[in-house]
Every structure is written in structure tokens, then in C-alpha cells.
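Residues in the sequence shown are numbered consecutively from 1, following full-length UniProt numbering.
Heads up, the beta-carbon is just placed ideally off N, CA and C, and yes, glycines get one too.
Data first, discussion second: the structure below is written as C-alpha cells.
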Amino acid sequence: MPRAVLRYVTHRITQHPDTDVTFEAECLRCDWSATPSEDGAAVDIECMGHTGRTGHEGFRRLCTSFALVVRAG
Numbered sequence: 001m002p003r004a005v006l007r008y009v010t011h012r013i014t015q016h017p018d019t020d021v022t023f024e025a026e027c028l029r030c031d032w033s034a035t036p037s038e039d040g041a042a043v044d045i046e047c048m049g050h051t052g053r054t055g056h057e058g059f060r061r062l063c064t065s066f067a068l069v070v071r072a073g
């Protein structure tokens, strides 16, 4: 049985309700990385500690979340 694709249906995207945002950070000067956490402040504190120990000031920060697309209305 063929399935129809309804392209005119309005959708919305939202964070998946069964997941949390994960925060991560990696030093831009060495191989150090913070422990991934659902608490962004904890990752920031790890970065500041790394800066205090090494003088490295640049970090790549990542926020990962999972999305869910559903029909609107």
C-alpha cells in the first residue's frame, strides 16, 4: 500500500521530552576536555580551573540536544 507525503502540513520542532541538554568543552591549545554534564555551570568551572592551571584561555563549547519534529495543532 503506497504512503502519501503531506507536504502542506505545518510542523514544529522542540527538544525531545525524554532527553536533557548535554554541555561539553575542549581546550583549543591542548587535548584537555571537560567532563560532559547536564550542568553548564559545572563545565564552565572546569574550564576556569584548566585556565588557572595552564594559562590556556580558549575553549570550544558544545551544547547537544535531541529534537523532535511533530505536526502542529
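| Item | Value |
| --- | --- |
| Segment contact flag, the region 49 to 56 with the region 11 to 18, C-beta cutoff 8 Å, min 3 pairs | no |
| Reduced DSSP category for residue 77 - H, G, I as helix; E, B as strand; rest coil | Here the chain covers residues 1 to 73 and nothing more, so residue 77 does not appear. |
| N- and C-terminal bounds of the beta strand (DSSP E) containing Phe59 | 59 to 64 |
| Residue span of the beta strand (DSSP E) that contains Cys30, given as start and end | Element bounds for Cys30: n/a, residue is neither H nor E. |
| Three-way DSSP call (helix, strand, coil) for Val43 in this model | helix |
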